[in-house]
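Read through the structure below, which is laid out as structure tokens, and then see the notes.
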Amino acid sequence: MIEVQNISFAYKKRTPVLKDFSLSIAPGGIYGLLGRNGAGKSTLLYLIAGLLKPDDGKVLFNGVDTRLRKPSSVSDIFIVPEEFDLPSISLKKYLSLNSRFYPNFSEEDLHRHLDTFELTPDLNLGALSMGQKKKAFMCFALACNTPLLLLDEPTNGLDIPGKSRFRKFIVSSMNDERTILISTHQVRDIDRILDYIIITETNRVLFDQPVSKILSRLKFMTTDKQQLIEDALYSQPSVGGANIILPNTDDIDTELNLESLFEFALVNPQALIDAFTNNINA
Amino acid sequence: MIDNRFRISRTFDLFRLYIIENRKFLLICAAAIVGILICVAISIASDVSYKRAYSMYRPDLDPAIPYLVPTYIIIGYIFAALGASFMFSELKSKQGRIRTLMVPANSSEKLISRMLVYVVLYTVFYVLAICIAEFFRDIYLMAKMTVAPVTPLYTIFGNEAAINFLTTDKYPILLPCILFVGVFAIQSFFVLGSTLWYKYSSVKTFALFFALFFFYTISVFMLGSSLSEGKTYNNLDHFMSNYFGYVFLCFEIIVCLFNWCMAWWRLRETDVITTKR
Chain A
771 MIEVQNISFA
781 YKKRTPVLKD
791 FSLSIAPGGI
801 YGLLGRNGAG
811 KSTLLYLIAG
821 LLKPDDGKVL
831 FNGVDTRLRK
841 PSSVSDIFIV
851 PEEFDLPSIS
861 LKKYLSLNSR
871 FYPNFSEEDL
881 HRHLDTFELT
891 PDLNLGALSM
901 GQKKKAFMCF
911 ALACNTPLLL
921 LDEPTNGLDI
931 PGKSRFRKFI
941 VSSMNDERTI
951 LISTHQVRDI
961 DRILDYIIIT
971 ETNRVLFDQP
981 VSKILSRLKF
991 MTTDKQQLIE
1001 DALYSQPSVG
1011 GANIILPNTD
1021 DIDTELNLES
1031 LFEFALVNPQ
1041 ALIDAFTNNI
1051 NA
Chain B
22 MIDNRFRISR
32 TFDLFRLYII
42 ENRKFLLICA
52 AAIVGILICV
62 AISIASDVSY
72 KRAYSMYRPD
82 LDPAIPYLVP
92 TYIIIGYIFA
102 ALGASFMFSE
112 LKSKQGRIRT
122 LMVPANSSEK
132 LISRMLVYVV
142 LYTVFYVLAI
152 CIAEFFRDIY
162 LMAKMTVAPV
172 TPLYTIFGNE
182 AAINFLTTDK
192 YPILLPCILF
202 VGVFAIQSFF
212 VLGSTLWYKY
222 SSVKTFALFF
232 ALFFFYTISV
242 FMLGSSLSEG
252 KTYNNLDHFM
262 SNYFGYVFLC
272 FEIIVCLFNW
282 CMAWWRLRET
292 DVITTKR
């Protein structure tokens, strides 16, 4: 579906944000794009959406270069940036003006999403707070039913109930053909809904695996047992002892701790890669 | 599957989207234009003496027309240029750029939908605004009980004297054509400016346009001088009664097309982040 082919991009000539960067995203699933500040997550989203021109390489969406910004590919990609403007008009008017550009837009879906966030369709967009605007805009974004939805820091500005509803809202809109790529720092807001994890470092993809495979290979635990902490691939001190990552040698289902995984990938990327390339069970 | 070719229906959807989303701004601009024109019309009418016929040899001509027409033209040019500078004003912010660029339409449709607002709709509206200003001038002068004929410009088509003022005997259509196409040519510079500079676009374009216009004027007169074997002519009649007028008209059209094409290309290549070095 998305082929990021050897792209290089720099805002300043000598400090590339992405260099010879490649990534492949298959249709269907929720992808979490994680990385440090300045790792190029938002830049990557803009490059995928065709909003930036790579210095080298290209991004293909269903075989079409997104940079050409052809109406057919732009109508299949919706980006919700971290900050955005909405005009001071009613939601109904906004929908009547904008929905015609998206052939798969569904009013029924929109009402369902608005219900999830406890919003009513008779909103005036100009009178909403930033968080409510974000909710309304995300409802519209999902109701457009574009095959690719890019969300940049979607939970920033949402209140605590809003964050939990966001998870429900995303999961309820998924189908086999839709891909959602979420770039965020707020890993705890999204860790339970992700199907794939992509961790990027400047210039490269550190880690790119489906959650099911991660959980089949790794165990995430919180423990105070010294022996387990010493045996762990990665440990991070926490209130109850330490959050640890162990090889999943006994096929136990544990809950993904995205924060620990992210830290592990940044601290010791090679050990993490080895855990997936080698048969660690053996 | 959405068609990637130019679609007139999508252009009108974008036009509608722009008008409704910016209706407050557009209404304020429209009110400002009408207000300014009414003030100008009444101020000129009160300065001109209507107590006696304007002149012995043009007794049928409204004495304000020789002042009003150039004033309306100049104000029309200024507003056309300012309006064109606002054509892509939302590209000033990153959020605005994302919103504009991510609308599923091609660059031609986006550009033409804005041109419908700032070129076509503006021209029609400006003519209407002149009619409104003239109507108020007429009412004002009726209250003043004038002697000389009052001819609001919306009655121009029945008024030979007013038409004659705008045309020459030999080439009656050339001057209005040059003036009319001139609006679009000047606008096109500001359209291009609005896609090149997102901040202070009108000021920057004006400075560049003024420099180009100065360079062009000097070049044309030097070229004209050499073609006319050293004789130089600087009066309007000579300019209109020679091929220079036609050359100028063609030049305006070429400038217009060139600038619009450049604006289209620039819009197509616009990036969401503009700090790239």
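Chains as they are written, first to last, in the working numbering: chain A, 771 to 1052; chain B, 22 to 298. The beta carbon of each residue, even a glycine, is placed where N, CA and C say it ideally should be. Since the structure is predicted, the reported quantities are computational estimates derived from the model, not experimental observations.
Classified as buried, G810 of chain A has 16 or more neighbouring CB atoms from the shown chains inside 10 Å of its CB.
Contact of A126 of chain B with chain A is assigned, a C-beta pair being separated by under 7 Å. By the Cβ-count criterion, C60 of chain B is exposed, with fewer than 16 other Cβ atoms from all chains shown falling within 10 Å of its own Cβ. Under the DSSP assignment, V55 of chain B falls in the alpha helix (DSSP H) whose first and last residues are R44 to D68. Around G820 of chain A, the same chain offers T836, R837 and R839 as residues with beta carbons nearer than 6 Å, after the five sequence neighbours per side are excluded.
Taking all protein chains shown into account, E130 of chain B has 16 or more neighbouring C-beta atoms within 10 Å of its C-beta and is therefore buried.
Taking 4 residues as the shortest admissible run, the region 899–974 of chain A contains the following complete alpha helix (DSSP H) segments, listed from N- to C-terminal end: 900–913, 930–942 and 957–960.
Linking T176 of chain B to D159 of chain B through their CA atoms gives a straight-line distance of about 11 Å. DSSP, reduced to helix, strand and coil, places L788 of chain A within a strand of the structure shown.
Restricting attention to beta strand (DSSP E) runs no shorter than 3 residues, the region 188–255 of chain B encloses none. The alpha carbon of L132 of chain B has as its nearest neighbour, out of B:L229, B:A53, B:F109 and B:S114, the alpha carbon of B:F109. By the Cβ test, the region 914–923 of chain A is in contact with the region 868–879 of chain A, since at least three Cβ pairs between them sit closer than 8 Å. Distance between P87 of chain B and V204 of chain B, taken at the CA atoms: about 20 Å.
Within the same chain, K115, R118, I119 and L122 come within 8 Å of V293 of chain B by CB-CB distance, once the 5 residues on both sides are set aside.
Beta-bridge partners assigned by DSSP to L893 of chain A: none are found. Proximity of chain A to I23 of chain B at the Cβ level (cut-off 7 Å) is accounted for by P841, S842, S845 and P873, in chain order. Annotation for Y1004 of chain A: the continuous beta strand (DSSP E) segment containing it runs Y1004 to S1008. Comparing alpha carbon positions, the residue from B:E111, B:A53 and B:S64 closest to I99 of chain B is B:A53. DSSP places F157 of chain B in the uninterrupted alpha helix (DSSP H) bounded by Y143 to K165. With a threshold of 16 other beta carbon atoms within 10 Å, R958 of chain A falls short and is exposed. Per the DSSP secondary-structure output, P980 of chain A pairs in a beta bridge with A:Y966. Taking 7 Å as the cut-off, the Cβ atoms of I859 of chain A and P824 of chain A do not count as close.
At least 7 Å separates the CB of P1017 of chain A from every CB of chain B.
The contact set of D159 of chain B on chain A, defined by CB atoms closer than 9 Å, is empty, because the minimum CB distance reaches about 38 Å. Of all alpha-carbon atoms in A:F939, A:Q979, A:L964 and A:K828, the one lying nearest the alpha-carbon of I1043 of chain A is that of A:Q979. Around I23 of chain B, the same chain offers P125 as residues with beta carbons nearer than 8 Å, after the five sequence neighbours per side are excluded.
Straight-line spacing of the CA atoms in T295 of chain B and N280 of chain B works out to 21 Å. Bounds of the alpha helix (DSSP H) holding S134 of chain B are S128 to M136. Those residues of the region 855–868 of chain A placed with their C-beta closer than 8 Å to a C-beta in chain B are D855, P857, S858, I859, K863, L867 and N868, ordered along the chain. When secondary structure is reduced to three states using DSSP, D24 of chain B falls in the coil class, being assigned neither helix nor strand.
In chain order, D292, V293, I294 and K297 make up the part of chain B whose C-beta sits under 9 Å from the C-beta of L822 of chain A. When the beta-carbon positions are compared, G798 of chain A and D946 of chain A come within less than 7 Å of each other. In this structure, L1003 of chain A lies away from A1035 of chain A, with their beta-carbon atoms at least 7 Å apart.
Proximity of L288 of chain B to chain A, defined by a Cβ-Cβ separation below 7 Å, is not satisfied. The C-beta of P841 of chain A has 16 or more other C-beta atoms within 10 Å across all chains shown, which makes the residue buried. M283 of chain B carries a helical assignment under DSSP once its states are collapsed to helix, strand and coil.
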